[in-house]
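Novice: Position 89 of the sequence shown, counting from 1, maps to 89 under the working numbering, and the rest follow consecutively.
Supplied in structure tokens, the structure appears directly below.
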Amino acid sequence: MTVDRKTIDEAAKLANELRSSEVYHENLEFWQRAWNMCKTPYTQMPELEYVPWIPQRLEANSASRILDLGCGSGWLSVFLARSGFKVTGIDVAPHALELGRQWAAMENLDITFDVGDMGDMPYPNNSFDAVVANSIIEHLPLSLALVSMAKVKSIIVPGGTFIGCFDKVGTGPGEYYKLEDGTQVYTDKGRKGMMLRYFPDEELKQLFDGWEIVEMKTLASGSRFVVAKS
């Protein structure tokens with residue numbers, strides 16, 4: 001499937017309908033609840049095999065202004081700022097961002113943290129050299145993922161870089177139902193409202209239609225690490 005202007009417009013219409021729906025608001029409430037349970041910054045870096053690759057790929061592409069998409073409390077933002085990049089993090093959960101600000105202040109790092117939705121980010125065109133998205137796109141239905149990636153392409157410079165990790169998503173524990181596009185929406189107490197979606201390779205290529213996929217590798221965990229240029 002080619003993602004042309006008509007496809008994006010249709011996806012945007014579906015995404016707007018989704019954003020006004022109860023199911024989407026329950027998804028936002030899930031993330032608010034989850035982060036509100038955290039009282040202090042969690043400053044331990046995850047041991048993930050691809051993390052060292054991210055600054056390497058950014059440096060190889062001469063990127064300096066980085067957007068950390070769905071940054072949560074900012075572990076990746078902090079990691080990249082430590083490496084000398086100028087980092088902005090964006091997330092829907094204000095408390096997560098406050099934890100990120102506290103962590104950055106503890107390390108005397110200059111990181112900007114903004115509240116925002118991935119499909120409607122408050123940045124003008126060409127604001128960043130690169131966007132990183134770690135295990136976040138899979139929390140979007142297909143229509144919103146398409147709109148978000150179109151927005152990502154507009155806010156990075158021509159020839160800019162996208163680096164993402166797309167987790168291998170199984171059914172996992174808990175009760176859920178599926179949206180029409182196959183996105184799982186959890187209904188059990190622990191994850192009520194959370195959306196989760198597996199993007200098969202065909203859909204990943206659809207997300208990156210119009211990009212140059214420089215690297216796509218499947219990790220031992222089954223997750224896929226993707227580097228693409230706009």
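For every residue, glycine included, the Cβ atom is placed at its ideal position computed from N, Cα and C.
1) Is Asn27 closer than 9 Å to Met194 when the C-beta atoms are compared?
2) Taking buried to mean at least 16 other C-beta atoms within 10 Å of its own C-beta, is Tyr177 buried or exposed?
3) Which partner residues does Asp114 have in the DSSP bridge list?
4) Would Gly119 pass as a contact of Arg19 if the rule is Cβ separation under 9 Å?
5) Looking only at C-alpha atoms, which of Trp53, Trp211 and Met45 sits nearest to Lys217?
6) Tell me the residue span of the alpha helix (DSSP H) that contains Tyr24.
7) Enumerate in chain order the residues of its own chain whose CB-to-CB distance from Ser83 is below 7 Å, with the five nearest sequence positions on each side excluded.
8) Less than 9 Å between CB atoms is the rule here; does Ser83 satisfy it with respect to chain C?
9) With Asp181 and Leu142 assumed to form a contact (beta carbons below 8 Å), what rounded beta-carbon distance in angstroms separates them?
10) Under the DSSP definition of a beta bridge, which residues are partnered with Leu69?
11) Taking only three categories from DSSP, how would you classify Met216?
Specialist: Short version:
1) By 1-based counting over the sequence shown, the position of residue 194 is 194. By 1-based counting over the sequence shown, the position of residue 27 is 27. The answer is yes: Cβ separation under 9 Å.
2) Taking the first residue of the sequence shown as position 1, residue 177 is located at position 177. Label assigned to Tyr177: exposed.
3) One-based indexing of the sequence shown puts residue 114 at position 114. Paired residue(s): Ile90.
4) Numbered from 1 along the sequence shown, position 119 holds the residue referred to as residue 119. Numbered from 1 along the sequence shown, position 19 holds the residue referred to as residue 19. Result yes, Cβ atoms of Gly119 and Arg19 sit closer than 9 Å.
5) Here residue 217 is taken as the residue at index 217 of the sequence shown, counted from 1. The option with the nearest alpha carbon to Lys217 is Trp53.
6) Position 24 of the sequence shown holds residue 24. Start and end: Glu22 to Asn36.
7) Taking the first residue of the sequence shown as 1, we reach residue 83 at position 83. Only Pro55 meet the Cβ criterion.
8) Protein chain content of the structure displayed is limited to a single chain, and chain C is not contained in it.
9) Sequence index remark: in the sequence shown, residue 181 carries index 181 (1-based). Sequence index remark: in the sequence shown, residue 142 carries index 142 (1-based). With 8 Å as the limit, Asp181 and Leu142 qualify as a contact, their Cβ atoms being about 5 Å apart.
10) Mapped onto the sequence shown, residue 69 falls at position 69. Ile90 and Ala133.
11) On the sequence shown, residue 216 is found 216 positions in, with the first residue counted as 1. Strand.
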